[in-house]
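Trainee: Under the working numbering, the residue at position 255 of the sequence shown is numbered 248, and the numbers go up by one with no gaps.
By construction, the Cβ of each residue, glycine as well, lies at the ideal position given by its N, Cα and C atoms.
Following this message is one structure expressed as structure tokens.
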Amino acid sequence: MAVEKVNMGTAVALGNFDGLHKGHMSVLEKALSFRESGYVPTVILFDVHPKEVLTGQKVKRLLTPKQTQKSLEEMGFEICKISFNEVKDFTPERFFDEILIKKLNAKALCCGFNYSFGKKGEGDCNRLLTLSQKAGIECCVQPETKIENQAVSSTAIKDFILGGEPHKAAQMLGRNYSFTSQVIHGDQRGRELGFPTANQKIDDCLVVPKYGVYETLVSVDGKKYRGVTNIGIRPTYLLDTVLSETNILGFSGDIYSKKITVELVKYLREERRFSSAESLINQLNDDVKQVSEDE
């Protein structure tokens, strides 16, 4: 962040914005509102997911780190990147003083009701309110966001994605769960069956949806198409790795090496092994018919 912007004072949105879901958005929108006071909306992004450092386990995300940063910048945020290992042992008071006050010149802080900070998460939103009051800066704590009486959280959204309920995940995200990656060459099996597919690997850091067949929306070169997407290991013609294979309805042309985005709309059925190519073709025709009828 440029020195002159820090000198203007910042409104810092605090939290681990790994999904940019509706709960996160309430905190971010509050921080953005402080532009009216002349403060620069700012987000701290750590180089690693804190849970990975604290638990030693890989954390699956709802957005890649690059997607998260790009989205935040498009909203109007300045990004402050910090090494988590450098601050993980800071007391809440030290983090507040050295990072928020001295480094960022924070004039307003925004967080969620369950925000924690400092060594072992010893600081909570109440501690942040107390420290802010002493420092004479504003602190806004956003209440829990609920949809259909269920708390919005990254964990709940991941559970919906893993459980084959993308429509429920979309309600909490405010958008369809999606992934973007380059189309790669497959074994041409779909083309042989009369259902050519765009094959993609899902980024290692993302949640892999429940294996099965989905109704999808596919963005190619800025245009959206309906699609039928199989995610999994394709039991009839076994794969050795998880793959997304999308039959893009109404699309023709060379798609290899293009980056396309697949949005999950509805779970249609589980992956299953078919006894013959004919029975598989019949099922694929039924899948396409079902998606076409949803238009």
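Within a Cβ cutoff of 7 Å, which residues of the same chain sit near residue 143, ignoring the five residues on either side of it in sequence?
Mentor: 149
Trainee: Quick one: residues in its chain with C-beta nearer than 6 Å to the C-beta of residue 4, no 5 flanking neighbours on either side, listed in chain order?
Mentor: 24, 27, 32, 34 and 101
Trainee: Measure from the alpha carbon of residue 75 to the alpha carbon of each residue in 92, 109 and 239, then state which is nearest.
Mentor: 92
Trainee: Taking just the CA atoms, how far does residue 224 sit from residue 234?
Mentor: Spanning the two alpha carbons is a distance of roughly 10 Å.
Trainee: Could you tell me the boundaries of the alpha helix (DSSP H) in which residue 105 lies?
Mentor: Run containing residue 105: none in the alpha helix (DSSP H); it sits in the beta strand (DSSP E), 99 to 105.
Trainee: Measure the CB-CB distance between residue 105 and residue 8 and report whether it falls below 9 Å.
Mentor: yes
Trainee: In this structure, how does DSSP classify residue 244 when only helix, strand and coil are distinguished?
Mentor: coil
Trainee: Indicate whether residue 89 and residue 124 have their beta-carbon atoms separated by less than 9 Å.
Mentor: yes
Trainee: By Cβ distance below 7 Å, which residues in the same chain neighbour residue 40 in space, the five residues on each side in sequence not counted?
Mentor: 74, 76 and 77
Trainee: Just the Cα atoms here: how many angstroms apart are residue 64 and residue 171?
Mentor: So the two alpha carbons sit approximately 14 Å from each other.
Trainee: Check this for me: beta carbons of residue 222 and residue 255, under 9 Å apart or not?
Mentor: yes
Trainee: With DSSP collapsed to three states, give me the class of residue 71.
Mentor: strand
Trainee: How big is the Cα-Cα spacing for residue 169 and residue 200?
Mentor: If you take the alpha carbons of residue 169 and residue 200, they lie about 13 Å apart.
Trainee: To which residues of the same chain is residue -4 closer than 7 Å at the C-beta, ignoring the five residues directly before and after it?
Mentor: Note that residue -4 scores 47 on pLDDT, short of 50, meaning its location in the model is unreliable and no value can be drawn from it.
Trainee: Would you call the CB atoms of residue 290 and residue 287 closer than 9 Å?
Mentor: No answer is possible for residue 290: the residues shown for the chain start at -6 and end at 288.
Trainee: I'd like to know whether the C-beta atoms of residue 46 and residue 96 end up nearer to each other than 9 Å.
Mentor: It is not a contact, given that the beta carbons lie outside the stated cut-off.
Trainee: Considering only their Cβ atoms, is the gap separating residue 261 from residue 220 smaller than 9 Å?
Mentor: no
Trainee: Let me know if residue 191 comes out buried or exposed under the rule of 16 or more other beta-carbons within 10 Å of its beta-carbon.
Mentor: Burial check for residue 191: the Cβ neighbour count within 10 Å reaches 16 or more, so the residue is buried.
Trainee: So residue 145 and residue 14 are supposed to be a Cβ contact under 8 Å. How far apart are they, rounded?
Mentor: Rounded to whole angstroms, the Cβ separation of residue 145 and residue 14 is 6 Å, and the two are in contact under 8 Å.
Trainee: Are there 16 or more other CB atoms within 10 angstroms of the CB of residue 126, so buried, or fewer, so exposed?
Mentor: exposed
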